[in-house]
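Notes follow the structure.
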């Protein structure tokens, strides 16, 4: 056997990289990007309909996933929520280089990114409508927070 009949896997790089912006990502990379556990991210993507299968490999379309996040977020008014003391979690080290390129981050990452307290980030997110809660995961849109920060103090 000369090996000519062996099936070659798809070239994922041509699907993943699109003009220096990743439009498609693998599950593991997406779980790291959104700060979720692997299988939580897999179920989340399948629910959003953002999974594309290529033979034995699955990739996630970020455009579909971001549209799903924008469309199906669960907004809750903080006044309606009961006051309860959350358990303090041990902070994981945050890599600033990874957070800078993200569009959606978690609360601790956003607080470290903007060098403010978590309460301030929550207040800014509420005012700029940049807080999204999907299936129990709270994400903050950094683009909306950036625009809100730039417009603080400006009169219309």
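Residue numbers (this note's numbering): 1064 to 1219. Yeah, the Cβ is synthetic: ideal placement off N, Cα and C, and Gly gets one too. Owing to the predicted nature of the structure, the values given are computational and were not obtained by experimental measurement.
Spatial distance of residue i from residue j (CA atoms)
i	j	result
residue 1186	residue 1098	21 Å
residue 1171	residue 1202	10 Å
residue 1110	residue 1120	18 Å
residue 1183	residue 1190	11 Å
residue 1208	residue 1200	18 Å
residue 1178	residue 1215	16 Å
residue 1180	residue 1174	6 Å
residue 1113	residue 1091	15 Å
residue 1210	residue 1192	11 Å
Nearest-angstrom beta carbon gap, residue j and residue i [assumed within contact, 8 Å]
i	j	result
residue 1095	residue 1126	Residue 1095 to residue 1126, Cβ: 19 Å. No contact.
residue 1213	residue 1166	With 8 Å as the limit, residue 1213 and residue 1166 do not qualify as a contact, their Cβ atoms being about 17 Å apart.
Residue from the options whose Cα sits closest to the Cα of residue i
i	options	result
residue 1196	1207, 1209, 1133	1133
residue 1124	1175, 1169, 1108, 1118	1108
residue 1198	1168, 1093, 1103	1103
residue 1129	1118, 1088, 1116, 1117	1088
Buried versus exposed call for residue i [16 or more other C-beta atoms within 10 Å across all chains shown]
i	result
residue 1101	exposed
residue 1176	buried
Those residues which DSSP pairs with residue i across a bridge
i	result
residue 1116	1121
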